[in-house]
Amino acid sequence: MLRLYGPRLAAATLLLDTLKAIPAVLAAKLLTLPIWLQGIVGLAVLLGHSYPLWHGFRGGKAVASAFGVLLVLVPSVALLSAVCWSLLAWRLRTAAVASLISALIAPLACLWLAPAYVGVVSGFSVLVLTRHGLNIRRLRRGEEPNLHD
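With the working numbering, the residue at position 117 of the sequence shown is 115, and numbering never jumps.
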């Protein structure tokens, strides 16, 4: 969104995608469901965002929704991932690379900050990485567009 439509629409999309991920996961957390079940709820949220029925099963890459899910389940990991994404996007000028590296960093940060959630966060990261397949192919060919200044 940032690269295609600019900072205003990207910020609105980030906010809405983050907020729509929170209610179901927050309910699972408040009900003190087991961590694996909280993870299933979070995964369902991410899959619903990535493959929405009302858009012909074509949706987003799950980065912003993953941020909302992580914000509820492991806030420290969410905030660290967001800082990493911001710094990487600013320095590398490529949203896809920032998203991919942040998705790889999240489970490692979880090892340190919230070890009980490593499996769950790793699953979320796999989904985000999988959703970026086209970006990865463009990066390999040197065709991934940079963010505008």
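Even for Gly, the Cβ is constructed at its ideal location relative to N, Cα and C. Small disclaimer: the values here were computed from a predicted structure and weren't measured.
Closest to residue i by C-alpha separation, out of the options, would be which residue?
| i | options | result |
| --- | --- | --- |
| L77 | A107, W88, P50, A87 | A107 |
| S123 | G140, G37, R139, L51 | G37 |
| I120 | Y3, P105, S84, P32 | Rather than Ile, the amino acid found at residue 120 in this sequence is Ser. Cα-wise, what sits closest to S120 is P105. |
| P113 | V75, A101, L29, L28 | V75 |
| P32 | G140, R138, V118, P5 | V118 |
| L127 | V39, S97, R139 | S97 |
Quick one: grab the DSSP three-state call for residue i.
| i | result |
| --- | --- |
| A22 | helix |
| D147 | Bear in mind that a pLDDT of 47 at D147, under 50, signals an unreliable position, so the model cannot answer this. |
| H47 | helix |
| A60 | coil |
| P32 | coil |
| G4 | coil |
| R91 | coil |
| G140 | coil |
| A42 | helix |
| A112 | coil |
| V124 | helix |
| V119 | helix |
Any heavy atom of the ligand ADP within a distance shorter than 8 Å of the CB on residue i?
| i | result |
| --- | --- |
| I33 | Among the components modelled here there is no ligand, and therefore nothing to report on the ligand ADP. |
Output needed for residue i: all residues of its chain with C-beta closer than 8 Å, excluding positions within five of it in sequence on either side, in chain order.
| i | result |
| --- | --- |
| I103 | L78, S79, C82 |
| L125 | L41, L44, L45, S48, A60, A64 |
| L111 | V72, S74, V75, L78 |
| L35 | A26 |
Looking only at its chain, what residues have a beta carbon closer than 6 Å to the beta carbon of residue i, apart from the 5 residues adjacent to it on each side?
| i | result |
| --- | --- |
| L109 | V116 |
| T16 | A62, F65, G66 |
| S100 | S79, C82, W83 |
| V39 | A22, V23, A26 |
| D147 | A caution first: D147 carries a pLDDT of 47, below 50, which makes its placement in the model too unreliable to give a value. |
Looking only at its chain, what residues have a beta carbon closer than 7 Å to the beta carbon of residue i, apart from the 5 residues adjacent to it on each side?
| i | result |
| --- | --- |
| L14 | none |
| L29 | none |
So does the stretch 10 to 24 actually touch the stretch 81 to 94, counting three or more Cβ pairs closer than 8 Å? no
Pairs of beta-carbons, one from the stretch 40 to 54 and one from the stretch 75 to 89, closer than 8 Å: are there three or more? no
Does the stretch 65 to 75 touch the stretch 6 to 22, meaning 3 or more C-beta pairs lie closer than 8 Å? yes
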